[in-house]
Structures are given as structure tokens and as C-alpha cells.
Amino acid sequence: GDDFQSLLPLLPGVVRGQDGRLRVKGGQPTQAALQVSSASLVDPSTGDFDLELPAPSVESVEVLANPFAAEFGRFATSVTQIRTRRGTDEWEFKPGNLMPRFHKGFSGIRGFEPRFSIRGPIERGRLFLAQDLQYRFVETPVKSLANEPDVELTSVDSFTRLDAILSARHTIGGAFIAFPRDITNATMNTFRPPEATPGLEQQGWSAGLLDRFALSPSVVLETTVAGRRFEIEVEPVGQDPLTIQPQTESGNYFNTQERRVRSFQWVESISLTRHWRGEHVIKTGADVQWARFEGSSESHPVEVRRIDGTLAERTIFGGLTQQEVAGTEVALFGQDRWRAGSRLTMELGLRMDRDPITHRYNWSPRAGAAITVLPEGRAIIRGGYGKF
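According to our numbering, the sequence shown holds residues 21 to 408 in order.
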């Protein structure tokens, strides 16, 4: 695959379900978190990873199953951390995947997914640029249908990152991600022909800024500011009722909907290093996220017919419905990562989250430990307790 999500099933405990969504440790797809630095990249209205990144932008992907550090929140099963590549000291330009794939007999282009990457110093030693762009055009034929119609995907994934070294103690970096996508015949399969499928259009962007300032050799202040917008539209090709029969579906997809989500996040933390019976890295901070959801949905009649064509059931929905909700989540956390020796590391922490929908305060005590039982880390025992 050509995105970071294709890497995750290679890890233990991560599986891809029949719906194509990822599940970690048996949990639901919406129970996990996705982060770049301290910024969340999850759609707050669904909990899904709707974001895409060009493959060259990703330096590493790590899945933390129930991490015991109190700085991690808004998850129940795991946190996926993405580290992106920064600009280099020398200018480089790397194209890739420039060869299209063709249908049989060269009757047309089946797939074309070129990539372009530019990295280099805008000001040598102080300001660096990284720009990655990936275009996708993929047609996937459903061979069990007459004339083998295609599910067509068109997308453009863009990643821009700027890093500045303001002084020996002060660095700042920002990134902007855009990921528009358009899918024609989105749910087409053997029993669902093109006219019974919707088109899906997605627009989205995410922007973030990370400021890291060393107040002293042992004290570091970090400020993260991030904003996101997701917009999804589902549109049928016509207004005819959807008819479901044992052998096929006919008519048009029954639902038209639009979802718009905006969110803004601010994370402020301070880290202190202290030495007392080992090394302590104490981190405390606050995490505030405001999110707003707006949506509309309208459904047309659905008919269920028997194999002889007689009507078994007809569902008529109400009119157009609109949804709107907004809220501000506030979290406070404190933790101590204590390296008591060369073989023992402990993690102690406490987190408090306020849920703006249920108006509840959720307290999350956490404690973990890692013990090295063989030299050079060849065998490590990990365990702990945490509320997530």
C-alpha cells in the first residue's frame, strides 16, 4: 500500500476488518487515537482516521497499546504515533511511481499514482522545507457485474512542513496536510450495480505548529497548536427508490448526507529532568480541544421485494434532518518517568478529562513498569495498570 495505514497490520495485534477499518487489540476502530507530535488527527465526530499522508512524508509509525503515560488521552485501546520527515541540509527532488497501470489490451489507464518530494534548506542551518505530493487515480473493476464497471478513486494528498531553528534553545515547526478525495460507485459489488451506489466526496485539511523552548538545560516548555476541518458528502446518482431483492439491488442509493467537522486544539506542557535515586523526567500540562459538528441527512424510500418481485416491505423515512453540536474538552495531566537503574523504568501518572457532551470528569490513574531481564534489552517484561 501507499499510505501509513497499510503499515499497521504488520504489527502484532492489529487487524483489518471486513469493512477495511483497522482494529487494535480487538477494540473498535473508533476507540484508538492518532497523533502527530501531541496533535490529534482523529475526526472528533466519528473517531475514525480520515486523514491520509503521502508515503514519502512518513518517517515512522508506532502503535502504543494502552500506553501508561498520562499525556495520552482520548482513546481506549491504542495510540498510533506518526513521525514525519523534515527538510534536509541539501536540496533534493525525488519523483516516484511515474509509470501508469493499464487495463487489458491497453484499453485505458487502470491506475496512476505519481509522487513528488522536495526537501532542502530555505536558509542553511536555520530554516528547512519539506513538500510531498501524491496523486492517485485508481479504477477497480467489479468483474462479476455486466461490462465490469469500475469503482473509481481520485485523490490528492499534500504534506508541507517548515522547521526553523531560532536559537540553540528554541525551535519551531509547522505542518499543513490536505487530503481531498472523490470515490465514484463507492459501495459497488456483485449484488449492488452502479446505479444503486452513491458517490463520496471528501475535503479535509489539518494544520499544526509545535514550539519547543529550553528554559534551562533541564526544563523544556512545549506548545502545540493545531486546527482541522473534515467535510464529507454522500450523493446518490438519482432519486428513485432503492429496491432490494435476493439476487440484486436496483434503483438509486437511498441516502443523501453531508458532514462538516471543525476542531481546534491547544496543548501546553513543561518537562523537568531531576536526579534522585535515578533519573526522573517529570511532565505536566494541559490539553484543550474545541470541536463542532454540523450535518444533514435525507433518505428516500427503500423497498424489499421477494424473488418473484412481490413487495415484502417498504420503508418511508421522515424529511430532511439536520444535526449540530459543539463542545470543548479539557484535560490536565501529570506524570513521572523514573529510570531507577539500567534495568528498571517506571511510569506514574494521573489524567483528568472533562467530557463536554456528558459533562463528566473522568479520572485516569496510570502506572507502568519495564524490567530488562537479559542484557542489551534482549528480553523485557512490561506491565502496569491504567484507566483509559
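C-beta atoms are modelled at their ideal positions from N, C-alpha and C, and glycine is treated no differently.
Reduced DSSP secondary structure (H/G/I, E/B, other) of residue i
i	result
Glu-168	coil
Glu-72	coil
Glu-396	helix
Gln-355	strand
Glu-133	coil
Thr-50	helix
Ala-227	strand
Leu-31	coil
Ala-216	helix
Lys-124	helix
Phe-24	helix
Ser-187	coil
Ser-77	helix
Ala-206	coil
Thr-66	coil
Met-119	coil
Thr-244	strand
Val-322	strand
Pro-237	coil
Val-12	Residue 12 cannot be examined here, being either before or after the span of the chain that is shown, 21 to 408.
His-379	coil
Thr-268	coil
Top-ranked residue by Cα proximity to residue i, from the options
i	options	result
Val-301	Gly-329, Thr-293, Val-308	Thr-293
Asp-231	Arg-201, Ala-184, Pro-213	Ala-184
Ser-57	Thr-207, Val-257, Thr-108, Trp-286	Trp-286
Gly-397	Ser-362, Ser-291, Ser-226	Ser-362
Trp-383	Gly-406, Ser-175, Gly-338, Glu-367	Gly-406
Ile-203	Gln-355, Ile-197, Pro-214, Thr-210	Pro-214
Tyr-381	Val-350, Leu-340, Arg-282	Val-350
Glu-168	Phe-337, His-123, Thr-104, Thr-243	His-123
Gly-347	Asp-375, Lys-163, Arg-279, Ser-317	Asp-375
Gly-369	Thr-378, Gln-355, His-379, Ile-377	Gln-355
Thr-207	Phe-199, Arg-121, Ala-216	Ala-216
Leu-173	Gln-222, Thr-244, Ser-317	Gln-222
Arg-334	Ser-178, Phe-274, Glu-159, Pro-29	Phe-274
Gln-55	Gly-46, Gly-40, Glu-82	Glu-82
Gly-116	Pro-76, Gly-145, Arg-146	Pro-76
Ala-306	Ser-289, Arg-402, Phe-337, Gly-298	Ser-289
Asp-177	Leu-118, Gln-151, Gly-140, Glu-367	Gln-151
Asn-86	Ile-400, Gly-388, Ala-399	Gly-388
Val-308	Ser-317, Phe-284, Val-78	Phe-284
Glu-110	Gly-219, Gly-145, Tyr-155, Val-239	Gly-145
Glu-314	Ile-336, Ser-291, Thr-341, Phe-337	Thr-341
Gly-131	Phe-157, Ala-390, Leu-147, Phe-113	Phe-157
Glu-318	Thr-304, Ile-336, Leu-331	Ile-336
Val-9	Trp-296, Asn-209, Gly-219, Lys-303	Outside the displayed span of the chain (21 to 408) sits residue 9, for which this structure offers no information.
Pro-32	Gly-46, Gly-40, Asp-39	Gly-46
Leu-220	Leu-182, Ser-127, Pro-256, Arg-357	Pro-256
Val-44	Val-78, Leu-84, Glu-79, Leu-61	Leu-84
Arg-279	Ile-377, Ser-316, Ala-390, Ala-399	Ser-316
Phe-69	Phe-199, Gly-125, Leu-147	Phe-199
Leu-27	Leu-182, Glu-79, Arg-106, Gly-338	Glu-79
Status (buried if at least 16 other CB within 10 Å, exposed otherwise) for residue i
i	result
His-320	buried
Val-34	buried
Ala-311	buried
Asn-205	buried
Leu-353	According to the sequence shown, residue 353 is Phe rather than Leu. The residue is buried, with at least 16 neighbouring Cβ atoms inside 10 Å.
Gly-329	exposed
Val-99	buried
Val-345	exposed
Glu-159	buried
Phe-104	As written in the sequence, residue 104 is Thr, which differs from the Phe given in the question. Counting Cβ neighbours within 10 Å, Thr-104 comes out buried, since at least 16 surround it.
Leu-73	buried
Glu-367	buried
Val-254	buried
Gly-258	exposed
Ser-65	buried
Ala-166	exposed
Ile-197	buried
Leu-42	buried
Contact belief for residue i with residue j at Cβ below 8 Å, rounded distance in angstroms
i	j	result
Phe-88	Arg-386	5 Å
Leu-149	Ile-142	5 Å
Thr-50	Gly-37	No, Thr-50 and Gly-37 are not in contact; Cβ-Cβ is about 12 Å, not under 8 Å.
Phe-24	Ile-102	6 Å
Gly-224	Glu-242	With 8 Å as the limit, Gly-224 and Glu-242 do not qualify as a contact, their Cβ atoms being about 26 Å apart.
Ala-52	Thr-97	5 Å
Val-393	Asp-63	The Cβ separation is near 41 Å, so there is no contact.
Arg-139	Thr-180	Actually they do not touch by this definition, with Cβ atoms about 11 Å apart.
Any non-hydrogen atom of the ligand SAM within 7 Å of residue i CB
i	result
Phe-353	Absence of the ligand SAM is noted for the structure shown, with no ligands found whatsoever.
Test: residue i CB closer than 8 Å to a CB of chain C
i	result
Val-245	The structure shown contains no chain C; it holds only a single protein chain.
Three-pair Cβ contact test at 8 Å for the region 80-94 versus the region 130-141: no
Three or more C-beta pairs below 8 Å linking the region 184-196 and the region 225-242: yes
Given 8 Å, three or more beta-carbon pairs between the region 322-335 and the region 256-275: yes
Segment contact flag, the region 266-276 with the region 232-241, C-beta cutoff 8 Å, min 3 pairs: no
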